[in-house]
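Chains as they are written, first to last, in this note's numbering: chain G, 1 to 1093; chain S, 1094 to 1322; chain Y, 1323 to 1783.
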Amino acid sequence: MSSDPKAMNPESRNPTGSDAVVRPASANAPREWRGIEEFKNQPEFLAAREGEFKDSDLPNAPGRLLSSGVNAIPNSEQTARPRPWEAWLRHADLREQLSETQNFVQLAPTGSAKPPKEGKDGIDRRDLLKIMAATAATAGLSACTILPDEHIVPYVRQPEDIIPGKPLFYATSMTQQGVATGLLVESHMGRPTKIEGNPEHPGSLGGTDVFLQASVLGVYDPARSQTVLYNGNISSWEQFVAQMRDQKAGLAQSGAGLYLLTETISSPSFSAQIQKLMKQFPKAKWHQYEPCHRDSAFEGARLAFGKPVNTVYRFDQANVIVSLDSDFLVSGPGHVRHARDFSSRRSIDGTKQNLNRLYTAETMPTSTGAMADHRLRMRASEVEAFARGLAAAIGIALPGGTGSQSAVPHETVQAIARDLTRNRGASLVIAGEQQPPIVHALAHAMNEALQNVGKTLYYTQPLETNPVNQTESLRDLVNDLNAGKVTLLVILSGNPVYNAPVDFNFASALMKAPLRVYSGLYRNETAELCNWHIPAAHYLESWGDAPAYDGTIGIQQPLIAPLYGGHSDYEVIATLTGDDGVSTHDIVKGYWQAQGVSKGQNFEDFWQVTLHDGVLANTALPQAAAPLQRDFLQQPPAASHVQANEFEMTFRADPTIFDGRWANNFWLQEIPKPITRITWDNAVMMSPATAGKNNLNHGDYVTLRYGGREVSGGVFLAIGHADNAITVHLGYGRQRMYTPYIQVGPGGDMGKDAELGPVYGFNAYALRTSTAPWIADGPVQIANTGKKYTFATVQYQYLIDNKGVESDDESVNAFRRELVQVATLDEFRRDPNFAQVPETTEHKSLSLYQNYNYGTGYAWGLSVDLNKCVGCNACVVACVSENNIATVGKDEVDRGRAMHWIRIDTYFHGGLETPEMYFEPLPCMQCENAPCEYVCPVGATTHSSEGLNDMTYNRCVGTRYCSNNCPYKVRRFNFFLFSDYTTPSLYGVRNPNVTVRSRGVMEKCTYCVQRINAAKIRSAEEDRTIRDLEIQTACQQACPAGAIMFGNINDKKSHIARWKAQPRNYTLLADLNTRPRTTYLARVRNPNPEIAG
Amino acid sequence: MAQVFHRSSNLISKLSIVAIVILIGVLTYGLYQVEESAWYSNIGLTRQQPVPFSHRHHVGELGIDCRYCHTSVEKSAFAGLPPTETCMSCHSQIWTNAEMLEPVRASYRDNVSISWLRVNELPQFVYFDHSIHVRMGVGCTTCHGPIASMPLTYRFGTEYMSWCIDCHRQPAKNLRPRSEVFNPYYQQPSAVHPVTYNGVSYTDQLTMGRQLMKDYKVASLQDCDTCHR
Amino acid sequence: MDSEGSQTTVAERQDPLVKPGYTMGTVTDKISSIVLTRGTTKGWMGGFAIAFALFLLLNIAMGYLFFRGVGIWGINIPIAWAFAITNFVWWIGIGHAGTLISAFLLLMHQKWRTSINRFAEAMTIFAVACAGMFPLLHMGRPWLFYYLLPYPNVMWLWPQFRSPLVWDVFAVSTYMTVSILFWYVGLLPDLATLRDKAKKKVSQITYGFLSMGWRGSASHWKRYEVASLLLAGVATPLVVSVHTVVSFDFSIGLTPGWHSTIFPPYFVAGAIYSGFAMVLTLAIPLRKYYGLDGMITIRHLDIMGKVMLATGVIVAYGYIMETFMAFYSGNPFDRYMMMNRMFGPYLYVYWTLIACNIAIPQLLWFRSVRRNPWGLFAVSIVVNVGMWLERFVIIAVSLHREFEPSYWHMYYPTRWDWAVLFGSFGLFFVLFYLFIRFLPMISIVEMRALVHKTGKKEQAA
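Next up, the structure:
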């Protein structure tokens, strides 16, 4: 394997860190990294900046390019490849910006701006590649095609710790809504390529979620801002610093007129810096806003305790959990840890079990709802009534009245209450972000009444250093803007122009500030309207710190110098506090040194250990007493704003692009959303029955009218959705989308639905007001435009007619075919072997071909515990990231050509109203008796001595026979050149140990064979066999719930062997006698016997 | 009416039938031979390098160990190419102003890497790992040839799949004691040059090879995923 | 079989295989004149133009295909095979009639084959040419097609002989070779005739070159007879073997609707069925346009009609057994497959195919239909369509809903799918038009022999 330092020169500025494979003792922990600034003016650095992605680097490009023809290209067209910023300019010519800017100011509800399509030259280049790939490949008669003159470029001075060709792992952490999750990031020759959870971080314990996994793509995103812009013209950081200095001079001594708008800030060191600024300018104002804020939790706590608190849940302690519209398994603070804790109470070893029970009240079906033993379907506004009913039932006096709740039968509520009271101190009530403060307060009250505080949950002081009601905070800012009080507004990340409450008219208010500075990763809607746009540094590019859900401080350590010259928020603030030039690293390190966290021991050593572990030892927040103040119980039930037969609208953060901040991450865009399995879109979600009643149908393009505003989107019939309610997901309908870097279908027709407004969904923010951020406070009118909207779903799931008649073919057949094995706890107790399909031993010798003998060597196997899988998709993104899986775009997904190697099948059982939902992650089965192997005419897919179905891409000629003959349909085909061979920056994110597949090649899950081989080599060099759990597949490592197990089934003591020995163990389509190495542990539900149905 | 063709042409028509058959055979065989040929597989090919580095001088005459420059050969898939620093560690003392070495000094001075042309290269879809081969007793010269006598480095083997498979099918043919792996002058055991390993003196490669396979736990790996991922 | 007189059937006495009045000379002139003197007619030109246009369409489609990849078709996972393979199986099937007529019937001494075997055989070759194209086109990386051939290489790799696709390579190439040889050997004497009758120097040289020095000497005739018989002997098993191997592509697979032991016989029958349909589709306009009704008589059509009827009934039996087994087996997957065929999203295709292949051909029971050229022509077209649909149903409709419900999908052909299908017709007809223009579409030699025999018979009567 050749390495080319110059290709990725940042590595010479690479933070030296610990190799996490063998985590060294803290004694020989690494030196921490010299600050970026040191390099700023070095020729090495500048040369690197210039020389980034030199064409000559490409033969050694990190991702292996399959066809040598393609390798030949870079040399063949030295100049044609655009530098990243050229690529950017192609999509941002100033005229377009101008017109769009006007759009914003006039607030056109949803402009029909198409996403920028590829420039013509882009297409030419890509097609040229294909031709040359073909011609070059035909050149030689052998697979070893004629190789191009390949350059190999050594270092000038080789940094220590870097062994060319060996990855290093660094501990860092990523912050979501002010809550950090600890990570270990794999770095190849200085390029971060893969994100893993940090087992030593309480917020992760090794698990991750989709956002953490996909965040690494953001570093290389060619659409990221790459230069400082002043009024749209290319400027420089120095000029910015200069103008900030003038501004400071211009500001009144008090700093009145200086306004700061940030997202949720919980970083101690950063807020210390802000405090410093505030000291300098006492009249300066600091506002915080994020669209998916946690105001109701904040206000709820204030109702209940008179002060904001941070609630730390301990799901592993709870026997009975009631979720009031909370999707705690995949969203909110600590959700990764929550999934781990929750699933730990879903594990069954043999027949020993200690299952918890989960009740969920929700509108839109979510992952949490799918895990629920009782899913109570109701409108979001009915949850309060339900909560009151439950509270009353467990004996909380509600002078305010319980209100009348109709969603859930009275006896059910009673049963739940009994279940809770039976489990005093071992139960848990949790309220969702979408619910009003009162529901949160009631939840606190119930937990207090059930004596859960201190057992299944405890309170600490808030994680945010300056907790505020963000909606109000932004309101104040807007008022001051309109009052003309603001002279200098500094916005640090976020995108308020796009996602501020619509009634704030933020865009026009913003324009009233004379000088507007925006620092962010993308040149988004907000950046468009600001004078200064500073490209921000990605979290993998800068230092920082943030608390985990329990307050434990995680250090954010950069893995690479800012690829596009971004600047951290620290640096931006520093320009105002006057200590610019101080490196971010020094600020962070200095802060903690000042805190005296090292407790007397030598701080340098302490800091080494901290960087190595990724967490500041024992900084978890102590439990804080929070006496309940009962006066909020006086409050009367909120009156419903929406009649029973009208539509009630609920806003939710999108499961894969959240509030829109991930809109440009095409890994996340292409991940099928849980339950609905939509990609690339949001939709008007409603229940089939409701649709039928209003004679709407799946895919109807409708207009939503609410509060005098309207947007249009496609109707999606969501099984299990509450009736007379619709759910819309935020984050879509971006005026600006930057995903032109993916292969698209014939004619590049990504914008198939272009005439139906923005290609990617609709902008739900256009309906979202500050008074009703989550639940619309009035009915929504729905008008059918008569047009049709195409959703790209990876699973049809059900062919519903809008009469709501159950015709969910796929699910019905799935159960008929015993693909999903389920039992209730009672059934399981009666017959633990319920999942066993009649064994087919006597058939096993019937094959015409001789059986393989796996002897005593390794025999790899994988098992999935359906009881634990929460369907969060983390494994899917992890697989994409680990295996260089291509993104194909909406149209190709719609054509049935999605490339994910592992998919999460979702099946429903029991009608369309309140069905049980089942997730079934499906990687390659690696059959011992594989149908794919014997039909391949060229032997491109063959059986390995360890029982894998090897896929040899360079031998594949693409007859697709193997896929036809695969009963599990786990094989994926490159119908076009799906892998992006042309965008240089994307080479950076590729895993150098996995071939990048070219056009016309079949591919599939390999059990991460590159990891297997690495481990085999390592063990052989150490004269030992591979240890149990030494190899983790990407999906297994990413899984927050620990639902996937991999290992050597020949080793009877291994975990995998024990999993497969479980009575719940079963194989899919066993009667085909394919003998898969991937098996499943059947799902066991734990419904409350007192509740019928 | 006169005949269009002279009767002699009948012979041609008959021969042409035979010719076609023969032609096909010859073509297939010929192409294979061409591909095997040094001309096509670049065996013995030297490249125009920025600095005419001589392994003969450094390895052969000065006896510098392979690992002095190729540092990661025992640790990583990539054998490692010496950074300019390594060159300068000596050449800041000796030959300090040799014209030939100017590129090296320039690189060190201006912080610009020397860009060499690869002599040995495998296709991008082949995952070769130096460390494990070295560990298992495959000598440097087994694949890279008589490096100690190469004034300019050239390619020794075809580096075709057949070339790899040949050894993978029967590793015993090429294994040598670990102590000998980096010995550029190593010769396979023969009656003339017996090789001593574990105190035993071998005169036959296969017997020793089999012994080494046992001792080093060398397997004959022929799964596709061994090299292609 | 020398005493035909005694064995002549009623039909024969009613209408001989050659209209009375044809002498050896007139037969020769009649047939050769089409090639030599008649020249290029407007009708031929028109037809050729259309065919050539389609042929160009094929080239465009192929060009874009190689340029972009197979993604330009409607295929996806799970429906990874659709039009391309359907066309392949269909064209191969077409070919079979030719071989059957020329080889099998030769061995059976069926005299009625004489007037149709030449162009039927030509049809075979062109059909196989079209068929052979598709396995190449449907590959993801067609430029690596040679991986399927066992050739010496530096990877030390063979193709995988367990795979039916490799068997296909051998089956089809063998079939192609034998067909061409057989056809060409049969052509030799006629080429010589043309050489001798030709006026223009060019044609003399060309035909002379092609006739490879045929002088009609006794030894030539002797070897000619032996060679034809031998080749016939080799070709006859191919009629059965080739489509059997093709059917293995599917019956080897697990997919419900593929995994069936009945496929080989049922494919062969289907092949001959569609083949004869195509022969008729070609023969009827030809005899009309070139006034060959004296040689391709109503009786020929009648017989071919009967063959179609017979094979058609076998095919019908195949369908019935398939359906029966699906339910009788009790295999839920097979059951679902069959229900899905009949009442799933593609039910129209299925019922159309039943109509085309089973219902409508029953008309052939009526003598009047069999002996009415245009009626027969209509039926033959219908059968051609039906047989194509059959292959589509077997391939695409079986694939679209397989074992894993989560991976059910729909298949919608794109314009490029259609372009390749119709383009292949272009290729076929271009070749066929050239054939009827430059080569004798009816075997002069054998017609002479036939005239000779029937002549003797008339004298005997």
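Even glycine gets a Cβ: it sits at the ideal position worked out from N, Cα and C.
No experiment lies behind these values; they were computed from the predicted model shown.
Residue j and residue i - do their beta-carbons sit closer together than 8 Å?
{"i": "G1748/Y", "j": "L1379/Y", "result": "yes"}
{"i": "P1140/S", "j": "V1212/S", "result": "As written in the sequence, residue 1140/S is Arg, which differs from the Pro given in the question. Yes, Cβ-Cβ distance for R1140/S and V1212/S is below 8 Å."}
{"i": "L1686/Y", "j": "A1520/Y", "result": "no"}
{"i": "I1240/S", "j": "P1277/S", "result": "yes"}
{"i": "L489/G", "j": "R337/G", "result": "no"}
{"i": "F1754/Y", "j": "A1444/Y", "result": "yes"}
{"i": "W1412/Y", "j": "R1713/Y", "result": "yes"}
{"i": "I573/G", "j": "I265/G", "result": "no"}
{"i": "F305/G", "j": "Q629/G", "result": "yes"}
Could you check the C-alpha separation between residue i and residue j for me, to the nearest Å?
{"i": "W662/G", "j": "Q781/G", "result": "30 Å"}
{"i": "V1701/Y", "j": "G911/G", "result": "49 Å"}
{"i": "A1449/Y", "j": "I1618/Y", "result": "22 Å"}
{"i": "I321/G", "j": "V429/G", "result": "6 Å"}
{"i": "I1447/Y", "j": "V1707/Y", "result": "20 Å"}
{"i": "P115/G", "j": "A507/G", "result": "Here the model assigns P115/G a pLDDT of 32, short of 50, so the residue's position is not dependable and the matter cannot be decided."}
{"i": "T1776/Y", "j": "L1108/S", "result": "40 Å"}
{"i": "P1586/Y", "j": "S1563/Y", "result": "9 Å"}
{"i": "I1017/G", "j": "Y1220/S", "result": "12 Å"}
{"i": "P984/G", "j": "S542/G", "result": "22 Å"}
Alpha carbons only, please: which of the options is nearest the one belonging to residue i?
{"i": "F1456/Y", "options": "P1474/Y, G1508/Y, V1392/Y and T1436/Y", "result": "V1392/Y"}
{"i": "V1742/Y", "options": "G1368/Y, G1420/Y and A1453/Y", "result": "A1453/Y"}
{"i": "Y1080/G", "options": "L540/G, P1089/G, L696/G and L1068/G", "result": "L1068/G"}
{"i": "T785/G", "options": "H567/G, P514/G, D700/G and G958/G", "result": "D700/G"}
{"i": "T363/G", "options": "E382/G, G889/G, N469/G and S347/G", "result": "E382/G"}
{"i": "G1462/Y", "options": "D545/G, S998/G, Y570/G and T1033/G", "result": "S998/G"}
{"i": "E1129/S", "options": "W1478/Y, L1429/Y and I1372/Y", "result": "W1478/Y"}
{"i": "T1558/Y", "options": "G1417/Y, I1527/Y and A1599/Y", "result": "G1417/Y"}
**Message:** Whether or not the region 652-670 of chain G and the region 341-356 of chain G are in contact is what I'm after, with contact meaning three or more pairs of Cβ atoms, one per stretch, closer than 8 Å; do they touch?
**Reply:** no
At which residue ranges does the region 528-556 of chain G contain complete alpha helix (DSSP H) runs of 4 or more residues, listed in the order of the chain?
none
query = How do the region 941-956 of chain G and the region 988-1005 of chain G stand: do at least 3 beta-carbon pairs fall below 8 Å, yes or no?
reply = yes
Using 8 Å as the threshold, is the region 914-928 of chain G in touch with the region 1278-1290 of chain S, meaning 3 or more CB pairs across them? No: the two stretches stay apart, fewer than three of their Cβ pairs being nearer than 8 Å.
Assess, as a yes-or-no matter, whether the region 1030-1046 of chain G is touched by the region 864-883 of chain G under the definition of 3 or more beta carbon pairs within less than 8 Å.
-> yes
At which residue ranges does the region 668-693 of chain G contain complete beta strand (DSSP E) runs of 3 or more residues, listed in the order of the chain? 684-686
**Prompt:** On the three-pair Cβ rule with 8 Å, is the region 294-304 of chain G touching the region 461-473 of chain G?
**Reply:** As far as the Cβ criterion goes, the region 294-304 of chain G touches the region 461-473 of chain G, which means the pair count is three or higher.
query: Enumerated in chain order, which unbroken segments of the alpha helix (DSSP H) with a length of 4 residues or greater are wholly contained in the region 146-191 of chain G?
result: none
Inspect the CB distances between the region 401-409 of chain G and the region 375-391 of chain G and report whether three or more fall short of 8 Å. Yes, the region 401-409 of chain G is in contact with the region 375-391 of chain G.
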